[in-house]
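Every position in the sequence shown, counted from 1, becomes a number in our numbering once 62 is added.
Where is the CB? At the ideal position from N, CA and C, for every residue including glycine.
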Amino acid sequence: GRAVAAMDARLVRQNRKKDGRRIEAHRHEEQITKMLLRRYVGRRLAEYYAQPPERVVGSTSLSDGTIDFSSLLGEWHWRWIYRRLYRRQRGQWLTPVELFKPYYSNAIANFIANCARQNGSLDKVKGVEVLELGGGRGTNASLVLSHLRAAHRDVYDALESYTLVDSSPTLHELQGQILLEGEHADKVQLLRKDVSDVAEGRWVGCFEKMPLVDKRRLFSFYGALGLTCR
Numbered sequence: 063g064r065a066v067a068a069m070d071a072r073l074v075r076q077n078r079k080k081d082g083r084r085i086e087a088h089r090h091e092e093q094i095t096k097m098l099l100r101r102y103v104g105r106r107l108a109e110y111y112a113q114p115p116e117r118v119v120g121s122t123s124l125s126d127g128t129i130d131f132s133s134l135l136g137e138w139h140w141r142w143i144y145r146r147l148y149r150r151q152r153g154q155w156l157t158p159v160e161l162f163k164p165y166y167s168n169a170i171a172n173f174i175a176n177c178a179r180q181n182g183s184l185d186k187v188k189g190v191e192v193l194e195l196g197g198g199r200g201t202n203a204s205l206v207l208s209h210l211r212a213a214h215r216d217v218y219d220a221l222e223s224y225t226l227v228d229s230s231p232t233l234h235e236l237q238g239q240i241l242l243e244g245e246h247a248d249k250v251q252l253l254r255k256d257v258s259d260v261a262e263g264r265w266v267g268c269f270e271k272m273p274l275v276d277k278r279r280l281f282s283f284y285g286a287l288g289l290t291c292r
């Protein structure tokens, strides 16, 4: 009788532990269910962005960092180079900026110059401001500024600031090394901020004065490159 009673007591304790774990799991699921999806994604991305920069956004392993597209023999040749670059780099992915540099960034710089001229910002005391959300390795900002200086000097001279907003502490540090110690340091500002805060209006900053780019369509243009002319 005592053995049966002891066994029953153990079963009761085990069931209580299981019930406790079930209740805790249910509470956790409840918390996740009540959390906005973008907040949950933002939290997971924050963990991802906390990795070393080369693990977040990869870079090409070529000696000069650029692909000689004029030497390609066709689509098959491009696909072969593309696969080889992905195998060599340590990041999770390569951005178009990294793959097609400097041409991709040059196109963005041309867009900025055209918008600035159409908006008449070059005639104003304070002209052009560029806001890039998610600055990656700083490659795009560096190339855009270099192309503006080389091909659109009037726009470059009117450029008041080029601000990069990024939530990754490691990429933010890398951007500082590349841009704040580079040839365009006087044009660049870096801000470490969660992009979802910008999207939800908890940080307004340059968004108060964005006549050229519709805020509702901002994130459809190059992973969120915004242009302000005032």
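Nearest to L107 by C-alpha distance, out of L135, F131, Q154, is Q154.
With respect to the 8 Å criterion, E191 and A203 are not classified as neighbours on the basis of their beta carbons. DSSP places L193 in the strand class (E or B) of the three-state scheme. DSSP places D228 in the uninterrupted beta strand (DSSP E) bounded by 221 to 228. Taking the C-beta atoms as reference points, L242 is found nearer than 8 Å to L252.
Counting C-beta atoms within 10 angstroms of its own C-beta, A220 has 16 or more neighbours from the protein chains shown and is therefore classed as buried.
The segment 126 to 145 makes no contact with the segment 171 to 188, as fewer than three CB pairs between them are under 8 Å.
When the beta-carbon positions are compared, V227 and K255 come within less than 8 Å of each other. Here L253 is bridged, per DSSP, to V227. In this structure, the beta-carbon distance from V119 to R199 falls below 8 Å.
From the listed residues Y165, S121, G127, V159, the smallest Cα separation to Y148 is found for S121. Looking only at L236, V159, D185, K249, the smallest Cα-Cα distance to R211 is reached by K249. Between the alpha carbons of Y224 and G127 lies a distance of about 23 Å.
Q113 is the residue among Q113, E109, S208 whose C-alpha sits nearest the C-alpha of E235. Counting along the chain, the unbroken alpha helix (DSSP H) around N176 starts and ends at 165 to 180. An exposed status is given to E245, since fewer than 16 other beta-carbon atoms sit within 10 Å of its beta-carbon. With respect to the 8 Å criterion, Q237 and G197 are classified as neighbours on the basis of their beta carbons. Assigned with DSSP and collapsed to three states, Q154 falls in coil, not helix or strand. Using a Cβ distance threshold of 8 Å, H139 and S167 do not count as a contacting pair.
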